[in-house]
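Chemist: One structure is given below, represented as structure tokens, and several questions about it will come after.
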Amino acid sequence: MNFLKFLGILLLCALLAIGVGFYFLDHDQVALGHKVIGLSTLFIFFIVMPLFIWTRYKNKDLSKFNFNQDKNDEDEDWDIEDKSRLN
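Note that numbering that gives the first Met the number 0 gives residue 7 to position 8 of the sequence shown, counting from 1, and the numbers run on in steps of one.
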């Protein structure tokens, strides 16, 4: 099974758990509902999302996202008093 499909299944399970948590909130089990919603939200943001980001960027060349130092030096040469750039 593809790892992204596995992450998709985990995300769907977490969303289902959030729905179950709201069901518990509606049926007078407020503490349990809040716990289920909170834990599934934490699972999404601390487990699923970092794994997705790592999977998508693990074989990419990230050097093209770095700033070019020569370009930064050229950008610092503009005149701060020049108002023509504001038009």
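Even for Gly, the Cβ is constructed at its ideal location relative to N, Cα and C.
It should be emphasised that the depicted structure is a prediction, and the values quoted were computed from it without experimental measurement.
Classify His33 as helix, strand or coil using the three-state DSSP reduction.
Modeler: Taking the first residue of the sequence shown as position 1, residue 33 is located at position 34. Three-state DSSP puts His33 in a helix.
Chemist: If we ignore side chains and look at the alpha-carbon of each, how far apart do Phe21 and Phe42 end up?
Modeler: If you number the sequence shown from 1, residue 21 lands on position 22. If you number the sequence shown from 1, residue 42 lands on position 43. Each residue's alpha carbon lies about 17 Å from the other.
Chemist: Classify Ala13 as buried or exposed, calling it buried when 16 or more other Cβ atoms lie within 10 Å of its own Cβ.
Modeler: Counted from its first residue, the sequence shown places residue 13 at position 14. With 16 or more other Cβ atoms within 10 Å, it is buried.
Chemist: Rounded to whole angstroms, what is the Cα-Cα separation between Leu10 and Ile17?
Modeler: As a first step, residue 10 must be located in the sequence shown, where it is residue number 11. As a first step, residue 17 must be located in the sequence shown, where it is residue number 18. Their Cα atoms are separated by approximately 11 Å.
Chemist: Do Leu24 and Gly32 count as a contact pair if the criterion is CB distance below 8 Å?
Modeler: Residue mapping note: residue 32 aligns to position 33 of the sequence shown, counting from 1. Residue mapping note: residue 24 aligns to position 25 of the sequence shown, counting from 1. Taking 8 Å as the Cβ cut-off, Gly32 and Leu24 qualify as a contacting pair.
Chemist: Using C-beta distances below 7 Å, list every residue in its chain close to Phe51, excluding the 5 sequence neighbours before and after it, in chain order.
Modeler: Start at 1 with the first residue of the sequence shown, and residue 51 comes out as number 52. Here the set comprises Leu6.
Chemist: Residues in its own chain within less than 6 Å of Asn65 by CB, not counting five upstream and five downstream?
Modeler: Position 66 of the sequence shown, counted from the start, is the residue given in the question as residue 65. So the list is empty, once near-sequence residues are dropped.
Chemist: May I ask you to report which of helix, strand or coil DSSP gives Lys4?
Modeler: Here residue 4 refers to the residue found at position 5 when the sequence shown is read from its first residue. Helix at Lys4.
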